[in-house]
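Have a look at the structure below, then the notes.
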Amino acid sequence: MEIRTKDLKWQLGTLVVLRFLIGWHFLYEGLYKLIHPEWSSLGFLASSQWIFSGVAEWFISNTAVLNTVDALNTWGLITIGLGLILGLFTRAASLAGTCLLLLYYLFNPPFIGMELTGPMEGNYLMVNKTLIEAVTLLYIAVTPLSRSLGLDTLRKKYNA
Amino acid sequence: MTSENSSGIDRRDMLKALAGIPVLGALGIQIFRKASYDDKHNIQEEIVRELGLEDLMDVVKPVTHQKGDLIRIGIVGFGGRGPQLAKALGFLEKSSFEQTVENGSLDAQIRDGNLHVAITGICDVFDLHAENGLATAAHDIHTGGEFASKHPVKRFSHYHEMLADPNIDAVIIATPDHHHAQMTIDAIQAGKHVYCEKSLIHREEEIYASYEAVKNSKLVFQLGHQYPQTAAFQVANEILHRDLLGKISHVETTTNRNSPNGAWIRHVDNEGKTKPGDAQSIDWKQWLGKAPEVPFSIRRYYSWARYFEYDTGLFGQLFSHEFDAVNQLLKMGIPETVYSSGGQYTYKEFGDMPDVLHTTFEYPNKDMTLTYSANLSSSKARGRTLYGRDASMTVGNNLELTPDGSSEQFSDLLERGLVSSGSPMLEMLKGSNTAKTVDAISSATAQYYASRGLTSTSIGGQEWDVTHLHLKEWLEAIRNGGTPTANIEMAYEEGVVIAMADISYREGCRTKWDKEQRRIIRI
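Residue numbers (the numbering used here), protein chains in the order written: chain L, 3 to 162; chain V, 12 to 534.
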């Protein structure tokens, strides 16, 4: 099949927009946690189910560990978000973001019998938005075209 | 960077490279806009502002540890509570300490709270407990036993010997209740400061004797009611001070438990095996003290709280904490009349303790009734609640202030829908995990979602063991003077109230306090 330049431009544009949007999401989540020092992953971890519930329990049983997890999470989100928006170390940022999202997913997976209580904005079975975002980031990571706008292009030039 | 490389980048490349900058700028602007919007539209803050409570948390005293002269402590009774008190002082038997470090549950007070004390004496009638006490005292947490080795610990087989030892400045009493008053009196007369576990008294006459002894001395007495050291208590006190509850005519205190251990059946372990101890390893005569002579009984030794010969049961064990909490808040003192009723409906095998118990304490001069309702066959928690005409407040580890639908004080807020009688307008949550117990005002919301209670917990401070803080207060009063929270005046009032409730239950009568004669009358 012949790929036309026009199609490529649209592909490139959409991919970069996707990268910006996910970057925005990460960066804001990170900055929110930074601006609100009272935020903690305690509630999220406490409601953890399935294979990581034991790890979650250990995290929250120790203040120092929990504080470390919170800081790592906050700064991880900020770094990944900046990387995605600026297009700097895009591949690493996308892969790290994928892992982080998969972790969120696995800590509270929408499996049968593990539904979270409380007011929810949607209904999920096996698949939720976190999983979709994770796979989308993976797609960005494995698609070189997504990196053609951003600081990585400069990096390449210097290294060339 | 070489000039060749930089010259290779043209304007078009630069634009491509910096494509993300406008996105960052846009996010920055949006965050700024959101922050200003939130500032103006924060319902929680609005409620706090409307109530004038912005500075409410300022009442919580910061915890500071001052270095002071060494205080040498002797502990009488090293069974259940003794090791906990030792830990709160900074002493933990080596293997338990290592285990604590390993599983990451090292408490903050262990890291930060050096109280500058040495445990120099242990007295227990049971060899096993005494040996545990010696091992514990020999291992101070702060220096890993180094400090403790310079201050050797001695075992005393009778508490009189401990009191006679000049190397002991202060004693902690953690024996069964029927010894508390006599030991307190003897310790004070021997010139030692006293920290006594609740309840101070077992029988009425002990109240007057121990009060006189402490009152006539310059020594510091503290009763083991650590609850007022919590942040929740300090905030509750301030809420009452600001009269947010309106007129209070009923305070409800409760106990709900549902296990044999919770009903003080403690002579068997979790696997149903009888715990160690026999007539050879336990000085039974000393353990009985002035109590009626009976042959050695492992049930009585471990489950003593169930027997009226040694305890006032639920009154001394748990109501004492309830009463102290309410009396520290309201300072309502001794009631005019008391009536208790209840029975053994679940645990009928041995002992006298009822497992359903209701007691009313009437304060006609204060237009108020205090009630205590205990149930040892249901663990549905009911809390400790002060009912006011404007709001009710449930206060324990957490604090909930809920407006009354008919409140005049809050009618404006209720009408505007900012608050509702169906949910707390102010709440303070403590992390539900014991190792994560930071108190802070976390939310004050009109719409309260309790389904995941932990989500709104704030973290940002330090965790403290309240017993540690309570001991600290006692030690500071010894060093610097002053009166601790659970002082002898409070203990006196509590003693009278417990005796009134206990007599009422045991003798099936109503009891009345004769203010003039200062004694209890049966009516």
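Heads up, the beta-carbon is just placed ideally off N, CA and C, and yes, glycines get one too.
Asked, Found
"Nearest-angstrom Cβ-Cβ length linking I179/V and G88/V, presumed shorter than 8 Å", "Not a contact, Cβ separation roughly 15 Å."
"Chain L residues whose Cβ lies nearer than 8 Å to that of A30/V", "V18, G89, L151, G152"
"Beta strand (DSSP E) runs wholly inside the stretch 229-302 of chain V, at least 3 long, in chain order", "232-234, 259-267"
"Minimum C-alpha distance to L329/V - residue among G519/V, E484/V, M364/V", "M364/V"
"Listed by chain order, chain L residues near L38/V by CB distance under 7 Å", "W26, L29, Y30"
"Of the listed residues Q77/V, D66/V, A149/V, nearest to N491/V (C-alpha basis)", "Q77/V"
"Whole-number beta carbon distance between K209/V and S106/V, since they are thought to touch under 8 Å", "Not quite, the Cβ-Cβ distance comes to about 30 Å (not below 8 Å), so this is no contact."
"Simplified DSSP assignment, three categories, for D513/V", "helix"
"Distance CB(T348/V)-CB(E373/V) smaller than 8 Å", "yes"
"Beta carbon of Y358/V nearer than 8 Å to that of L387/V", "yes"
"Span of the alpha helix (DSSP H) around A175/V", "170-175"
"Collapsed DSSP secondary structure at I152/V in the structure displayed", "coil"
"CB of H150/V within 8 Å of CB of E113/V, strictly", "no"
"Cβ-based neighbour list, L81/V, same chain, cut-off 8 Å, excluding 5 preceding and 5 following", "H127, V128, A129, H162"
"For Y30/L, the first and last residue of its enclosing alpha helix (DSSP H)", "7-37"
"V34/V: contacting residues in chain L (beta-carbon distance under 8 Å)", "F22, G25, W26, I87"
"Buried versus exposed, by CB contacts within 10 Å (16 or more), R268/V", "buried"
"Check whether L211/V and A192/V have beta carbons under 8 Å apart", "yes"
"When N409/V, E56/V, L230/V, V205/V are compared against I86/V, the one with the closest alpha-carbon", "V205/V"
"Contacts that D24/V makes with chain L (C-beta to C-beta distance below 9 Å)", "T155, L156, K159"
"Cβ neighbour criterion (16 or more within 10 Å) applied to R253/V", "exposed"
"Per-residue DSSP class, three states only, for Y356/V", "coil"
"Closer than 7 Å at the beta carbon, the chain L residues around K27/V", "L151, T155"
"Alpha helix (DSSP H) segments (min. 4 residues) lying fully within the stretch 34-118 of chain V", "54-61, 92-100, 105-113"
"Element boundaries [alpha helix (DSSP H), containing N227/V]", "Element bounds for N227/V: n/a, residue is neither H nor E."
"Identity of the residues DSSP links to K165/V by a beta bridge", "G132/V"
"Classification of E419/V by the beta-carbon crowding that lies within 10 angstroms, buried from 16 upward", "exposed"
"Cβ distance (whole Å) where D154/L is taken to contact T92/L below 8 Å", "5 Å"
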